[in-house]
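Visitor: Just so we're aligned, residue 0 is where the sequence shown starts under numbering that gives the first Met the number 0, counting upward by one.
Dropping the structure in here first, questions after.
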Amino acid sequence: MVKIPFPTKKVTRATAKQMLARLEEMYPQAQTALEFRDPYELLVAVALSAQCTDARVNLTTPALFARYPDAKALANAKLDDVERIIKSCGFYRAKARNIVAAAQALVERHGGEVPSERVALEALPGVGRKTASVVLAVAFGEAAFAVDTHVFRVAHRLGLTLGKTPLDVERDVTALLPREKWRHAHHWLILHGRQICKAPMPLCGICPVADVCPTAPLVLKKKRAGR
Ligand code: SF4
Numbered sequence: 000m001v002k003i004p005f006p007t008k009k010v011t012r013a014t015a016k017q018m019l020a021r022l023e024e025m026y027p028q029a030q031t032a033l034e035f036r037d038p039y040e041l042l043v044a045v046a047l048s049a050q051c052t053d054a055r056v057n058l059t060t061p062a063l064f065a066r067y068p069d070a071k072a073l074a075n076a077k078l079d080d081v082e083r084i085i086k087s088c089g090f091y092r093a094k095a096r097n098i099v100a101a102a103q104a105l106v107e108r109h110g111g112e113v114p115s116e117r118v119a120l121e122a123l124p125g126v127g128r129k130t131a132s133v134v135l136a137v138a139f140g141e142a143a144f145a146v147d148t149h150v151f152r153v154a155h156r157l158g159l160t161l162g163k164t165p166l167d168v169e170r171d172v173t174a175l176l177p178r179e180k181w182r183h184a185h186h187w188l189i190l191h192g193r194q195i196c197k198a199p200m201p202l203c204g205i206c207p208v209a210d211v212c213p214t215a216p217l218v219l220k221k222k223r224a225g226r
């Protein structure tokens, strides 16, 4: 696979804002592809989506939630039954262990409800900053910007960040936007990463920010060299 190096310099703040504005225009209705009815279902769906597609998670969760409709039910589940239901999502043993343990913690600490504070969310088994950010932003409409693999890649390719960690990327991108746009920006970058700025080879020819993106010339150079 051809590897496209990330830019080594950030774009100017004005260019960064221009690119984000264009992505906002391109993905105005961006929202999560995960299907859920309440914060409990979202939390579980996000936990299952690690290293798995949202489509696969959406095929799996109806059976899981029919059998375990709330945290109390899942807290009392037998691990092997949960493993059987979620097997196709991959890493099913660890995921089953985590979601049952998280459900038990929800029952013990929060009366079976999903808390809307970051500290309480991140204290749940298997819940890290990214999962907490998705739950805060999507279930509770809070200002949070989750950095997954697509967001990390696209933010670097756009020259919005030189950050080494997801938290660095989060800090750099959120510094470019008003708080009320953080939760939407996460979806702009994810959708862009899935549809156009793809991991192996970005489709710069149809990208609305190609004229200002610092990676576009690098991609062109790679393509010419590969001919
Ligand atoms: S121009 Fe190419 S590298 Fe830059 S964001 Fe668009 S698709 Fe990605």
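Heads up, the beta-carbon is just placed ideally off N, CA and C, and yes, glycines get one too.
Note that the coordinates shown come from a computational prediction; the quantities given were computed from them, not determined experimentally.
(1) Any heavy atom of the ligand SF4 closer than 7 Å to the CB of Val11?
(2) Which same chain residues, not among the five before or five after Val146, have their C-beta less than 6 Å away from its C-beta?
(3) Using a beta-carbon distance below 8 Å, is Arg182 in contact with chain C?
(4) Since Arg96 contacts Leu78 with CB under 8 Å, what's their CB separation in whole angstroms?
(5) Excluding five sequence neighbours on each side, which residues of the same chain lie with their C-beta closer than 7 Å to the C-beta of Lys218?
(6) Can Arg156 be considered in contact with the ligand SF4, in the sense that its beta carbon sits closer than 7 Å to one or more heavy atoms?
(7) Can you give the beta carbon distance from Ala49 to Phe90, rounded, assuming they're within the 8 Å contact cut?
(8) For Pro201, is the beta carbon positioned less than 7 Å from some heavy atom of the ligand SF4?
(9) Helix, strand or coil: which one does DSSP assign to Tyr26?
(10) What residue range is occupied by the uninterrupted alpha helix (DSSP H) comprising Val126?
(11) Name the two residues that bound the continuous alpha helix (DSSP H) containing Thr59.
(12) Once the 5 residues before and after Ala76 are set aside, which same chain residues still bring their CB inside 6 Å of it?
(13) Going by other Cβ atoms of all chains shown within 10 Å of its Cβ, with 16 needed for buried, is Arg156 buried or exposed?
(14) Suppose contacts are defined by Cβ-Cβ distances below 8 Å. Is Gln30 in contact with His186 by that definition?
Guide: Looking at the coordinates:
(1) Reading off the sequence shown, one finds Thr at residue 11, where the question assumed Val. No; taking the cut-off as 7 Å, the Cβ of Thr11 has no heavy atom of the ligand SF4 nearer than that.
(2) Pro165, Val168 and Glu169
(3) In the structure shown, chain C does not exist; there is a single protein chain.
(4) 7 Å
(5) Going by the sequence as given, residue 218 is Val instead of Lys. Hits under 7 Å: Ile3, Pro201 and Cys203.
(6) yes
(7) 7 Å
(8) yes
(9) coil
(10) It is not in any alpha helix (DSSP H) - Val126 carries neither H nor E in the DSSP assignment.
(11) Asp53 to Arg66
(12) Tyr67 and Val99
(13) buried
(14) yes
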